[in-house]
Each structure stands twice: as C-alpha cells, then as structure tokens.
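Student:
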Amino acid sequence: DKAEVVKDEL
Amino acid sequence: MNIFRLAADISHAVAIVLLLYKIWTSRSCAGLSLKSQSLYVAVFVSRYLDIFRFVSFYNTFMKLFFIIGSSATVYLMAFKFKHTYQKENDSFPVLYLILPCIAMAFVLPYEYNPVEILWTFSIWQESVAIFPQLFMVQKTGEAESITSHYLFALGSYRGLYILNWIYRYVVEDHVDWISIVAGVIQTVLYCDFFYLYITRVIKGRKLDLPA
Numbered sequence: 762d763k764a765e766v767v768k769d770e771l
Numbered sequence: 495m496n497i498f499r500l501a502a503d504i505s506h507a508v509a510i511v512l513l514l515y516k517i518w519t520s521r522s523c524a525g526l527s528l529k530s531q532s533l534y535v536a537v538f539v540s541r542y543l544d545i546f547r548f549v550s551f552y553n554t555f556m557k558l559f560f561i562i563g564s565s566a567t568v569y570l571m572a573f574k575f576k577h578t579y580q581k582e583n584d585s586f587p588v589l590y591l592i593l594p595c596i597a598m599a600f601v602l603p604y605e606y607n608p609v610e611i612l613w614t615f616s617i618w619q620e621s622v623a624i625f626p627q628l629f630m631v632q633k634t635g636e637a638e639s640i641t642s643h644y645l646f647a648l649g650s651y652r653g654l655y656i657l658n659w660i661y662r663y664v665v666e667d668h669v670d671w672i673s674i675v676a677g678v679i680q681t682v683l684y685c686d687f688f689y690l691y692i693t694r695v696i697k698g699r700k701l702d703l704p705a
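From first to last, the protein sequence lines stand for chains A and B. Start counting the first sequence at 762; every next residue gets the next number (our numbering). Start counting the second sequence at 495; every next residue gets the next number (our numbering).
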C-alpha cells in the first residue's frame, strides 16, 4: 500500500 | 522542522521582501518580469488551498506571508508602478511553461482529487516560474545588484530544501518524490546564474552578461 505524503512543507 | 528547511524558508521570505523593497524604494519595477511574479501568485494560491488545515502556527503564517507578499509584488508591478514595467523585454512565451505543468498535474498526482492535482501543478509550476525573469536578464544582458540578490535568495531556497529532503529521508524516512524531482530541476535552472552571481556580484561588480 502507498504511504500518504504528509504535506507539512511550504 | 530542521535547520535546512528553516534556512530555506527564511531565504525564500528574504527574496520576497528584497523584491518588494527594491520596487518600493526605487519606485520602479524595471528589469523585473511580471510574468514570473504572476506565476508565483498562481503557485502559492494553488498550493496553499489547505491554508485552513492547521499544521502549525509557523506553517499558516508563512503560507499567508507568501500569498500576500507575491500578490503585493504583482499589484505594485501591474498597477502602482505600471509605467516602469518593461513589457517589451518580458516576452517569454509562458504557455510553454504552464501547459506542461498542467499536464504533469493530471498525469502524476499522488491522488486524483482537485486539491492534489492543484498541489502537483503548483510544485511543477514553481520549478520553472523563474524562466521569464531569467530570460529577461538574458535579453537585456544585465541585472541590478538587488535583483541579483533577489535571484540568489530565491534560487538558494529550493537548493536548501534538497538538503532538507536528504535529512528527512535519513532521519524520518520521509520521501516526497514530486517535490524532490521538481526541486532538483528548479535548483539546476539557477546554476548558470549562481556561477555569475558568485564570480561577479559578490566581487562588487554588476551582473553584466557577456554578449
């Protein structure tokens, strides 16, 4: 399964 | 947060402030590309649709700062100091930049939903948004020193993010391939400029390009 990319960058 | 990302964000913010300072104090936007600046507004607005999803105070503040700062820049160039805008030199055909980015957003987003597609578009669009500005410098053969400082700060920012991605891969096992590939392309586009900046501007000379 695909790990979700956490968008905590700008 | 790590030192590379903090340094990158500060560099990015400094670039925006430098540009606003230059326009405001000289009462002119001569030598600056309205096309590049407009692309940045598109980049920030399409990326920060999640502005109301709370990550941290820092995150929200910076998102607001980038949207407001880039919009203010476009406002000054397109309205207040429009008479100083050198439209004839800002002639890069931007559709060649925008269309491939739209295509990439639909072909390779992480997920198929409007927010992810717009986010992907913004990452690719940012990677090439400086093209019209670099084209303008190339065309006129020169850049004022403060414009050079702006370009250096703006270019450094994504380069520092590469260090941040390496750090996060090693320490947090965090990988964001779209940002990494686009960020490397973005940084490579600045290499020629970085070379000229270091060999000329830092030594106190103007950025005059060889004919």
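Each residue gets a CB set at the ideal place from its N, CA and C atoms; glycine is no exception.
#1: Taking 9 angstroms as the CB-CB cut-off, is K768 (chain A) touching chain B?
#2: Distance cutoff 9 angstroms, beta carbons only. Does M598 (chain B) sit that close to anything in chain A?
#3: Using a Cβ-Cβ cut-off of 9 angstroms, state whether D762 (chain A) counts as contacting chain B.
#4: Quick one: is D518 (chain B) near chain A, going by C-beta distance under 9 angstroms?
#5: Measuring CA to CA, which of B:Y655, B:L645, B:R662 is closest to L690 (chain B)?
#6: Any idea what DSSP makes of D762 (chain A), helix, strand or coil?
#7: Taking buried to mean at least 16 other C-beta atoms within 10 Å of its own C-beta, is D762 (chain A) buried or exposed?
#8: What's the gap between the Cα of L654 (chain B) and the Cα of A501 (chain B)?
Tutor: From the atom records:
#1: yes
#2: no
#3: Low confidence applies to D762 (chain A): its pLDDT is 44, below 50, so where it sits in the model is not reliable enough to give any reading.
#4: One point to set straight first is that residue 518 (chain B) is Trp, not Asp, in the sequence displayed. Chain A, which has no Cβ nearer than 9 angstroms to the Cβ of W518 (chain B), makes this no.
#5: B:L645
#6: Note that D762 (chain A) scores a pLDDT of 44, beneath 50, so its modelled location is shaky; the value from the coordinates is reported in the next line. It is coil, neither helix nor strand.
#7: Unreliable positioning characterises D762 (chain A) in this predicted model, as indicated by a pLDDT of 44, which lies under 50. The coordinate reading is nonetheless provided below. Per the 10 Å Cβ criterion, exposed.
#8: 7 angstroms
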